[in-house]
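Heads up: the sequence lines are chains D and W, in that order. Positions 1 to 384 (UniProt numbering) are the ones given, in order, by the first sequence. Positions 1 to 384 (UniProt numbering) are the ones given, in order, by the second sequence.
There are 2 protein chains.
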Amino acid sequence: MEQQDPETTPVRTIRVELGARAYDILIGPGLIGTAGLEIALRLKGRRMAIVSDENVAPLYLAPLVESLTAQGIEATPVILPAGEKTKSFEHLVPVVESIIGARIERNDAVIALGGGVIGDLAGFAAGIVRRGSRFIQIPTSLLAQVDSSVGGKTGINSPQGKNLVGVFHQPDLVLADTAALDSLTPREFRAGYAEVAKYGLIDRPEFFAWLEAHWREIFSGGEARIEAIAASCAAKAEVVVADERENGRRALLNLGHTFGHALEAATQYDSARLVHGEGVSIGMVLAHRFSARMNLAGIEEAERVERHLRAVGLPTRIAEIPGPALSAERLMEAIAQDKKVKSGQLTFILTHGIGRAFIADDVPGSEVLSFLTEQLRAGDAPGA
Amino acid sequence: MEQQDPETTPVRTIRVELGARAYDILIGPGLIGTAGLEIALRLKGRRMAIVSDENVAPLYLAPLVESLTAQGIEATPVILPAGEKTKSFEHLVPVVESIIGARIERNDAVIALGGGVIGDLAGFAAGIVRRGSRFIQIPTSLLAQVDSSVGGKTGINSPQGKNLVGVFHQPDLVLADTAALDSLTPREFRAGYAEVAKYGLIDRPEFFAWLEAHWREIFSGGEARIEAIAASCAAKAEVVVADERENGRRALLNLGHTFGHALEAATQYDSARLVHGEGVSIGMVLAHRFSARMNLAGIEEAERVERHLRAVGLPTRIAEIPGPALSAERLMEAIAQDKKVKSGQLTFILTHGIGRAFIADDVPGSEVLSFLTEQLRAGDAPGA
Ligand SMILES: NC(=O)c1ccc[n+]([C@@H]2O[C@H](COP(=O)([O-])OP(=O)(O)OC[C@H]3O[C@@H](n4cnc5c(N)ncnc54)[C@H](O)[C@@H]3O)[C@@H](O)[C@H]2O)c1
Ligand SMILES: NC(=O)c1ccc[n+]([C@@H]2O[C@H](COP(=O)([O-])OP(=O)(O)OC[C@H]3O[C@@H](n4cnc5c(N)ncnc54)[C@H](O)[C@@H]3O)[C@@H](O)[C@H]2O)c1
Ligand SMILES: [Zn+2]
Ligand SMILES: [Zn+2]
């Protein structure tokens, strides 16, 4: 794996221009080790609660605490089990109580050190302690660096579905240490990559073409990785600034997610079968195929998307999901329960082609059902 | 008790001018019976979850459901035990899940039917379901009508203290049915009255003088009651519009509350000993007495405040609280834990006299301690 020298690789800064709540995203290798300095430059607080998980803490908690201590900041760690199940009230309540117990005051902050699960949970906790406490994201998964840590959506799951409970709560700072991604499993790295590709598919066709040419360098780590993460954060930040509370354009970020969430729900969020980014990968291919079926885009666009995602090693077909076969009816049920349903009519992100996604809020459920039935009947295997 | 005819008594409307989140507060007798109509005029939703408590639901749930049904709105009631202990995660979680279970969508709403406990809890639940759902307050206690239902502060308590967990979430509509106050116990009515008097003490000396002259009519129900509630809501709305998130002036609403909260904490929130408004009543007298001690106001101002609050039947001295005697040290400890503490320095709302309250953020803790010791030593009995 190509290594970067933290001394010579410059840190990229993306500013999220949200008026009084504007903040910086710093991207580069080694940022966990310099976190204390970056934080002390921006926040006056002397106490921080660090929320992390059992996979990430052994690797990165010590250097983070050390860099905070060097700035005279007292750190209180709160370590949780890893995995999606942690995004629940069961874990939220003790986290909230630990944060209050750490006596976090007005200028202090909650730090999330981990993937999207930790970021969503810790951000929600920060959003409700004293009706909103300062919050710093130190995302350690690719998905968290390019997606979940940017934009202020926080939350947990309820027995009825994913992310149904939460708040909008913007961070005060995001530190994306690109070297921390080296310890991610290849599968988790690929899953995060699906979200990187998503930004190209939404409205940046030239970025998608660049990814097709450079994905190997992104996977091996190096300037291209930093470049891809910075471009992704910039793309997301632009959408978030235009539509902070998802009343309009922000919904484009859900490209591939209605199908993806349905697949996650139908597989009971069992990460052995499917992780979020894999669902998004299959979902993006389905969104392009469905758009072609609706005569909105040519089928060759869907095929190009599928070719690239398969090249990086992502699943692109429902049939690739291990375990019991899924039925079209079960998927439709999950789609209907998804929060983007408006009194019966379905809202989908469809596309006129690569980089030309749009919000369609009048998609007939019957069309979706026959499309899914077709996809499943056709064997739905790669190359089918 | 003087009765008003809902047909002839006009409903007062106070508009809370919060830009895109502006909303109306309607005040008048019989509004529970016409709630369905008022709601249908403003919201498109067809489904509402009604959160209420075991005291209020038997009295007002049926007419509310009936008025909603008459407008084709489907209502799902969620009934909780009455009392401050209900403001906890333990009760929040099932309320959130019931709201989601009621399939509340984008235009639907959560309705709080009850006192401040129900309003705070249901408002918090509405604030976090789908990162913010529509919310209607139907406050049924005087305290809730003049204070907690206006302004968007919602939340629950944590083992470490009151209101430490919550969000700012503005309602879409507030319906204050002044006839519903007839079933309140006199003690709860008086407790709410302490907050009414508070608005006069903060910055409306002529309103305080009017209360001194008209309090009997307010207690017996009639035009003066509606007038007092409308004036209180207008006063609170003005402060909230000027400072929605309590960065500045809104803190004035805490007049009497630092002492009051300390008394509530020191009596373990045992409502048999002290309810919130009683703590505020004693706290406001203490704030005026302490201001006199600091040579900020004349002692006759404190005496006038105490005279009025005692006239309506509110406690004004620490020694009036039944049960074991409280110590100055225990109260100081509670004050230090209060959220208005800024790195050691104490923030208090003090006053230059009736209607001339101000924020003092450099009050020496030692002065407060000796003041409290003095008050307790002096026997602290009315007239002492
Ligand atoms: N808030 C948002 O806008 C938003 C957007 C997209 C996704 N999400 C949420 O993000 C979550 C998924 O995020 P995720 O994929 O990061 O999941 P995750 O947090 O579960 O991380 C995936 C796995 O990688 C491990 N891990 C993380 N960083 C590591 C590192 N540097 N080295 C070794 N192991 C590491 C974790 O412990 C976990 O086992 C979902 O809950 C999803 O709903 C939120
Ligand atoms: N959100 C805010 O801005 C804000 C402001 C002030 C107070 N509060 C909160 O409000 C709460 C206190 O409110 P409260 O005094 O209304 O308490 P409450 O909700 O407990 O009501 C007091 C009692 O009166 C009963 N009751 C209510 N309406 C009734 C009616 N019409 N007839 C008969 N019984 C009735 C209730 O069941 C309860 O037993 C506290 O938790 C406090 O923290 C919030
Ligand atoms: Zn995603
Ligand atoms: Zn109060």
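Beta carbons are placed, not taken as given, at the ideal position from N, Cα and C, and that holds for glycine.
If distances are taken between C-alpha atoms only, which option among the options comes closest to residue i?
{"i": "Leu346 of chain W", "options": "W:Ala70, W:Ile128, W:Gly166, W:Val363", "result": "W:Val363"}
{"i": "Leu263 of chain W", "options": "W:Ala378, W:Glu38, W:Glu333", "result": "W:Glu333"}
{"i": "Glu327 of chain W", "options": "W:Val285, W:Leu26, W:Gly298, W:Ala378", "result": "First, the amino acid is wrong: residue 327 of chain W is Ser here, not Glu. Of W:Val285, W:Leu26, W:Gly298, W:Ala378, the residue nearest in Cα terms is W:Ala378."}
{"i": "Glu329 of chain W", "options": "W:Gly33, W:Phe259, W:Ile354", "result": "W:Phe259"}
{"i": "Arg134 of chain W", "options": "W:Glu97, W:Lys44, W:Leu211, W:Ala57", "result": "W:Lys44"}
{"i": "Gly127 of chain W", "options": "W:Ala109, W:Ser141, W:Ala70, W:Ala144", "result": "W:Ala109"}
{"i": "Ile136 of chain W", "options": "W:Pro171, W:Glu195, W:Ala237", "result": "W:Pro171"}
{"i": "Ser158 of chain W", "options": "D:Pro322, D:Gly166, D:Arg131", "result": "D:Arg131"}
{"i": "Tyr23 of chain D", "options": "D:Glu38, D:Thr76, D:Pro29, D:Thr86", "result": "D:Glu38"}
{"i": "Asp270 of chain D", "options": "D:Ile321, D:Ala228, D:Glu300, D:Ala242", "result": "D:Ile321"}
{"i": "Arg187 of chain D", "options": "D:Val275, D:Gly256, D:Ser52", "result": "D:Val275"}
{"i": "Ala236 of chain D", "options": "D:Phe219, D:Leu255, D:Glu223", "result": "Note on identity: in this sequence residue 236 of chain D is Lys, with Ala being the wrong assignment. Minimum Cα distance to Lys236 of chain D is reached at D:Leu255."}
{"i": "Arg21 of chain D", "options": "D:Ser67, D:Asn295, D:Gly152", "result": "D:Gly152"}
{"i": "Gln71 of chain W", "options": "W:Gly33, W:Arg273, W:Val368, W:Ala242", "result": "W:Gly33"}
{"i": "Glu54 of chain D", "options": "D:Val240, D:Thr69, D:Ala82, D:Ala297", "result": "D:Ala82"}
{"i": "Lys162 of chain D", "options": "D:Leu372, D:Ile229, D:Ile335", "result": "D:Ile335"}
{"i": "Leu286 of chain W", "options": "W:Ala272, W:Glu303, W:Arg273", "result": "W:Glu303"}
{"i": "Val146 of chain D", "options": "D:Glu227, D:Met284, D:Val368, D:Gly222", "result": "D:Glu227"}
{"i": "Ile138 of chain D", "options": "D:Gly114, D:Gly155, D:Ala57", "result": "D:Gly114"}
{"i": "Thr76 of chain W", "options": "W:Gly355, W:His91, W:Val56, W:Arg47", "result": "W:Arg47"}
{"i": "Asn107 of chain D", "options": "D:Glu90, D:His169, D:Ala40, D:Val95", "result": "D:Ala40"}
{"i": "residue 441 of chain W", "options": "W:Met294, W:Ser232, W:Asp361", "result": "Here chain W covers residues 1 to 384 and nothing more, so residue 441 of chain W does not appear."}
{"i": "Phe371 of chain W", "options": "W:Ala357, W:Ile359, W:Leu331, W:Phe358", "result": "W:Leu331"}
{"i": "Glu246 of chain D", "options": "D:Gly28, D:Val305, D:Ile359, D:Gly222", "result": "D:Ile359"}
Measure the beta-carbon distance from residue i to residue j and round it to whole angstroms, keeping in mind my assumption that it falls under 8 Å.
{"i": "Ser88 of chain D", "j": "Gly116 of chain D", "result": "Not quite, the Cβ-Cβ distance comes to about 15 Å (not below 8 Å), so this is no contact."}
{"i": "Leu253 of chain W", "j": "Phe290 of chain W", "result": "That belief does not hold up - the Cβ atoms of Leu253 of chain W and Phe290 of chain W are roughly 18 Å apart, past 8 Å."}
{"i": "Val312 of chain W", "j": "Tyr193 of chain W", "result": "6 Å"}
{"i": "Gly36 of chain D", "j": "Ile73 of chain D", "result": "6 Å"}
{"i": "Leu31 of chain W", "j": "Ala176 of chain W", "result": "7 Å"}
{"i": "Thr140 of chain W", "j": "Ala191 of chain W", "result": "Not really, about 14 Å apart at Cβ, beyond 8 Å."}
{"i": "Arg307 of chain W", "j": "Ile282 of chain W", "result": "No, Arg307 of chain W and Ile282 of chain W are not in contact; Cβ-Cβ is about 14 Å, not under 8 Å."}
{"i": "Val174 of chain W", "j": "Ile50 of chain W", "result": "No, Val174 of chain W and Ile50 of chain W are not in contact; Cβ-Cβ is about 15 Å, not under 8 Å."}
{"i": "Phe208 of chain D", "j": "Ala197 of chain D", "result": "7 Å"}
{"i": "Gly355 of chain W", "j": "Pro205 of chain W", "result": "3 Å"}
{"i": "Gly353 of chain W", "j": "Glu278 of chain W", "result": "At roughly 24 Å, the Cβ-Cβ gap does not stay under 8 Å, so Gly353 of chain W and Glu278 of chain W are not in contact."}
{"i": "Gln160 of chain D", "j": "Ile100 of chain W", "result": "5 Å"}
Assuming residue i is part of the beta strand (DSSP E), what are its boundary residues?
{"i": "Arg310 of chain D", "result": "That residue, Arg310 of chain D, is in no beta strand (DSSP E); its alpha helix (DSSP H) goes 299-311."}
Residue i lies in the alpha helix (DSSP H); which residues open and close that run?
{"i": "Ala20 of chain W", "result": "Where Ala20 of chain W is concerned, there is no enclosing alpha helix (DSSP H), given that its DSSP letter is neither H nor E."}
{"i": "Gln375 of chain W", "result": "365-377"}
{"i": "Asn69 of chain W", "result": "One detail in the question is off: residue 69 of chain W reads as Thr in this sequence, not Asn. Here the alpha helix (DSSP H) through Thr69 of chain W covers 57-69."}
{"i": "Ile39 of chain D", "result": "35-42"}
Which partner residues does residue i have in the DSSP bridge list?
{"i": "Thr13 of chain D", "result": "D:Leu26"}
{"i": "Met48 of chain D", "result": "D:Ala75, D:Ala109"}
{"i": "Ala334 of chain D", "result": "Answer is none; Ala334 of chain D lacks a bridge partner."}
{"i": "Ile359 of chain W", "result": "W:Ile349"}
{"i": "Val203 of chain D", "result": "Looking at the sequence provided, one finds Asp at residue 203 of chain D rather than Val. The partner list for Asp203 of chain D (beta bridge, DSSP) is empty, contrary to what the question assumes."}
*Can you list the alpha helix (DSSP H) stretches of 4 or more residues lying completely in the UniProt domain "3-dehydroquinate synthase N-terminal" (78-190) of chain D, in chain order?*
89-101, 116-128
*Enumerated in chain order, which unbroken segments of the alpha helix (DSSP H) with a length of 4 residues or greater are wholly contained in the region 205-293 of chain D?*
The region 205-293 of chain D contains these whole alpha helix (DSSP H) runs: 205-220, 223-242, 257-266, 276-293.
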